[in-house]
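These notes are about the structure you will find just below.
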Amino acid sequence: SGSSSLHRKNENMGLRLGLDLKGGTYIVYQAEFPEGTENKDESFDSTVDLIRRRIDEYGVFEPVIQKQEGYRIAVQLPGVTDVEKAQEYIFKPGWLEFRQVEMNGSSTVSLGDYLNNTGRTSFFDTSDATLQDANRIFGDANGQPIVFLKKGDEGLKYVDQNGNPVDAGQLDKTALSWMPAVGTVGSDVKALNGNQYLTNASLQYSRDTLGNISGFEVGIKWNKEGADLFGQITKRLRDRGDYSTPQRALGIFLDNILISSPQVYPSDMTGEYGDTASITGNFTQSEAKQLVSKLNSAFPVSLKLSYGPDVISATLGKDFIHRSVMAGLIGLAVVALFMILYYRLLGVVATLALVIYAILVLAIYKVLGVTMSLAGVAGFIVSLGMAVDANVLIFERLKEELRSGRTLRAAVESGFSRAWPAIRDSNVTTFIACGILYWFGGSVVASTAVRGFATTLFFGVAVSMFTALTVTRSLLIFFTGAGAEKKLSRFGVEAKDA
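FYI, my numbering numbers position 161 of the sequence shown as 164, with every residue one higher than the one before it.
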């Protein structure tokens with residue numbers, strides 16, 4: 004009571020409603036492939052799968068994710084009407100690339116070097132023709148990109164992340180110029196990026212000379228081509244200047260933002276990294292985990308906003324919300340009426356337990372953010388009926404024990420213990436069915452409605468076991484006080500003469 008996480012006073016009692024009942028946000032992304040990408044379909048499918056894993060984990064959000072022609076991805080977020088939040092929510096593209104500081108001979112290049120060369124039409128570093136078309140990024144002290152330098156038909160121009168012209172003269176002139184770190188694979192020149200070449204990043208422990216854990220570091224592993232490129236780049240950077248100078252830094256950029264700039268520093272100054280390396284520093288465990296998460300979150304392709312984000316309306320309309328609520332209330336009332344008429348006082352106990360069950364399930368839906376689509380509501384209503392199954396088994400066992408002459412308290416305990424195996428087995432089979440439905444809806448038919456039904460039914464059945472074995476038992480013990488055995492008719496059993 005009073006918990007801010009339950010938001011009882013909010014619209015629809017704070018429940019997250021699906022696209023069919025409330026609407027949401029619609030976004031379309033265009034996939035852009037690096038030059039020389041061979042398996043575009045495979046990279047595109049991997050990107051779609053990564054998006055789905057981000058927003059559909061455990062089936063509680065029920066997004067609609069569709070692949071469209073021209074390597075576009077259309078996504079609908081149910082219940083999310085804040086378009087800025089939708090962008091930040093999941094879909095911030097994770098394009099991971101590695102850059103090095105641009106050099107002019109033996110000197111590092113900054114924004115001021117370009118601004119002081121009015122009319123310049125090419126980049127300073129012309130060591131490779133590939134770099135002539137690759138943009139430069141100038142960032143502030145926090146790694147945020149302040150301006151991009153691109154080469155167009157009319158020479159160099161300064162733009163922001165959206166491609167709009169920028170007056171670079173008003174910016175920090177000491178900001179370093181970061182250019183792509185490239186190497187050769189066969190006869191091709193390729194830029195090192197994490198999406199194509201980074202296999203995995205992991206949290207590791209750094210140790211002192213005695214072998215004791217002294218801190219945290221980030222381990223990275225490359226595929227075969229990535230290891231070759233990384234080896235060429237680190238060997239080149241290793242020979243630049245003294246240790247801890249900018250020209251020896253390998254900048255790690257996620258979505259054009261500098262997230263780390265470790266120094267290239269092999270322990271023996273001559274050995275090669277191979278397919279593994281580590282990023283060390285004064286990391287806390289939290290900082291190291293955050294960097295690992297960023298390195299592993301990159302998409303295999305770069306994503307560009309093609310349409311939206313736009314707010315879409317509910318497909319079924321608000322009237323269906325009232326109908327769904329009414330269906331749930333009618334279902335609860337009919338079950339309660341049947342239980343009271345047939346089991347009398349036991350039916351009252353079952354009804355109270357059913358009300359508590361409904362409150363607990365809705366609270367779990369709200370706390371976990373389960374999306375209530377029409378299929379989810381159906382799963383909840385089905386679980387209401389199944390929640391009574393356990394009570395029916397317990398009550399019938401209890402009545403049998405009473406007819407055999409047991410005392411009321413002993414009959415309650417025996418009824419629960421003897422009904423438990425049947426309750427357990429029936430619910431386990433339902434859990435198995437929910438698991439199959441969840442898998443089927445995620446990998447076979449790709450239906451969020453099927454996964455939503457499976458999710459709400461699973462939570463409902465799990466809570467029903469708790470209420471049947473805990474809430475119902477507590478209520479029965481309360482109602483079986485002194486004098487209750489003289490009124491066994493209230494429990495659906497005729498009292499025997501002494």
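We put the CB at the ideal spot given by N, CA and C, even for glycine.
- Query: I think residue 3 touches residue 106, with their Cβ atoms under 8 Å apart; what is that distance to the nearest whole Å?
  - Reply: As displayed, the chain neither begins before 4 nor continues past 501, which places residue 3 out of reach and without an answer.
- Message: Considering just the uninterrupted stretch of the beta strand (DSSP E) at residue 33, what are its terminal residues?
- Response: Looking at the DSSP string, the run of the beta strand (DSSP E) that includes residue 33 is 27-35.
- Item | Whether residue 220 touches residue 281 by CB criterion (8 Å) | Going by C-beta atoms, residue 220 is nearer than 8 Å to residue 281.
- Query: Excluding five sequence neighbours on each side, which residues of the same chain lie with their C-beta closer than 6 Å to the C-beta of residue 436?
  - Reply: Excluding positions up to five away in sequence, the list is empty.
- Message: Quick check on this structure: which residue in 396, 479, 306, 473 has the alpha carbon closest to the alpha carbon of residue 351?
- Response: That would be 479, whose Cα lies nearest to the Cα of residue 351.
- Rounded straight-line distance, which links the Cα of residue 121 to that of residue 187: When rounded, the distance between both Cα atoms is 33 Å.
- Under three-state DSSP, which class holds residue 502? A query on residue 502 cannot be resolved here, the shown segment of the chain reaching from 4 to 501 and no further.
- Query: Mind checking whether residue 99 and residue 198 have CB atoms under 8 Å apart?
  - Reply: Yes, the pair counts as a contact, with Cβ atoms nearer than the cut-off.
- Item | Sequence ranges, alpha helix (DSSP H) only - wholly within the stretch 109-179, length at least 4 | Along the length of the stretch 109-179, whole alpha helix (DSSP H) runs at least 4 residues long occupy 114-118, reported in chain order.
- Message: Suppose contacts are defined by Cβ-Cβ distances below 8 Å. Is residue 177 in contact with residue 115 by that definition?
- Response: Yes.
- Item | Cα-Cα separation between residue 429 and residue 371, rounded to whole angstroms | Residue 371 has its alpha-carbon roughly 25 Å from the corresponding atom of residue 429.
- Item | Those runs of the beta strand (DSSP E) which lie wholly inside the stretch 186-219 and span at least 3 residues | Annotation: the stretch 186-219 contains the following complete segments of the beta strand (DSSP E) (minimum length 3 residues), in chain order: 191-194, 201-210.
- Have a look at the DSSP bridge pairing and note the partners of residue 342. Under DSSP, residue 342 shares a beta bridge with no residue.
- Presumed contact (8 Å Cβ cut-off) between residue 249 and residue 111, rounded CB distance: The C-beta distance from residue 249 to residue 111 rounds to 5 Å, short enough to fall under 8 Å.
- Apart from the five residues on each side of it in sequence, which residues of its chain come closer than 8 Å, Cβ to Cβ, to residue 409? These residues qualify, in order along the chain: 417.
- Cβ atoms of residue 147 and residue 262: under 8 Å apart, would you say? No, Cβ-Cβ distance for residue 262 and residue 147 is not below 8 Å.
- Message: Using a 10 Å radius around the Cβ and a threshold of 16 neighbouring Cβ atoms, would you call residue 431 buried or exposed?
- Response: Result: exposed.
- Query: Looking at the unbroken alpha helix (DSSP H) that takes in residue 229, where does it start and where does it end?
  - Reply: Going by DSSP, residue 229 is part of the alpha helix (DSSP H) stretching over 227-241.
- Query: Which whole-angstrom value describes the C-beta separation of residue 32 and residue 307, a residue pair presumed to lie in contact below a C-beta threshold of 8 Å?
  - Reply: Correct: roughly 7 Å between the Cβ atoms.
- Spatially closest choice to residue 330 from 363, 305, 383, 285, by CA coordinates: Between residue 330 and the set 363, 305, 383, 285, the nearest pair of CA atoms involves 383.
- From the DSSP output, in three-state form, read off residue 363 for me. In the three-state scheme derived from DSSP, where H, G and I count as helix and E and B as strand, residue 363 is classed as helix.
- Three-way DSSP call (helix, strand, coil) for residue 424 in this model: Helix, per DSSP.
- Query: Below 8 Å, can you find three or more Cβ-Cβ pairs linking the stretch 411-425 to the stretch 361-379?
  - Reply: Judged by pairs of C-beta atoms under 8 Å, the stretch 411-425 does not touch the stretch 361-379, as fewer than three such pairs exist.
- Out of curiosity, what's the CA-to-CA distance linking residue 171 and residue 152? Spanning the alpha carbons of residue 171 and residue 152 requires a straight line of approximately 10 Å.
- Query: When the Cα of residue 40 is compared with those of 223, 196, 296, 332, which residue comes out closest?
  - Reply: Comparing alpha-carbon positions, the option among 223, 196, 296, 332 lying closest to residue 40 turns out to be 196.
- Identify the continuous beta strand (DSSP E) that holds residue 100 and give its terminal residues. Residue range 99-104 is occupied by the beta strand (DSSP E) that includes residue 100.
- Is the stretch 36-55 in contact with the stretch 398-414, if contact means three or more CB pairs nearer than 8 Å? As far as the Cβ criterion goes, the stretch 36-55 does not touch the stretch 398-414, which means the pair count is below three.
- Excluding five sequence neighbours on each side, which residues of the same chain lie with their C-beta closer than 6 Å to the C-beta of residue 503? Given that the chain is displayed from residue 4 to residue 501, the structure contains no residue 503 and the question cannot be resolved.
- 8 Å CB neighbourhood of residue 315 in its chain, flanking five on each side removed: Closer than 8 Å at Cβ, skipping near neighbours: 22, 26, 27, 28, 29, 79.
- Distance, residue 356 Cα to residue 394 Cα: Their Cα atoms are separated by approximately 9 Å.
- Item | Buried versus exposed, by CB contacts within 10 Å (16 or more), residue 424 | It is exposed - the Cβ of residue 424 has fewer than 16 other Cβ atoms within 10 Å.
- How far does the beta strand (DSSP E) with residue 79 in it reach, from first residue to last? Per DSSP, residue 79 belongs to the beta strand (DSSP E) from 75-81.
- Message: Using C-beta distances below 6 Å, list every residue in its chain close to residue 404, excluding the 5 sequence neighbours before and after it, in chain order.
- Response: Sequence-distant Cβ neighbours of residue 404 in its own chain, meaning closer than 6 Å and more than five residues away, are 414, 417, 418.
- Message: Can you tell me whether residue 19 is helix, strand or coil according to DSSP?
- Response: Residue 19 carries a strand assignment under DSSP once its states are collapsed to helix, strand and coil.
- Sequence-distant residues of the same chain with beta carbon closer than 7 Å to residue 278, five excluded per side: Counting only Cβ-Cβ distances below 7 Å, and skipping sequence neighbours, we find 224, 225, 230.
- Query: What residue does the beta strand (DSSP E) around residue 313 start on, and which one ends it?
  - Reply: Residue 313 -> beta strand (DSSP E) spans 305-315.
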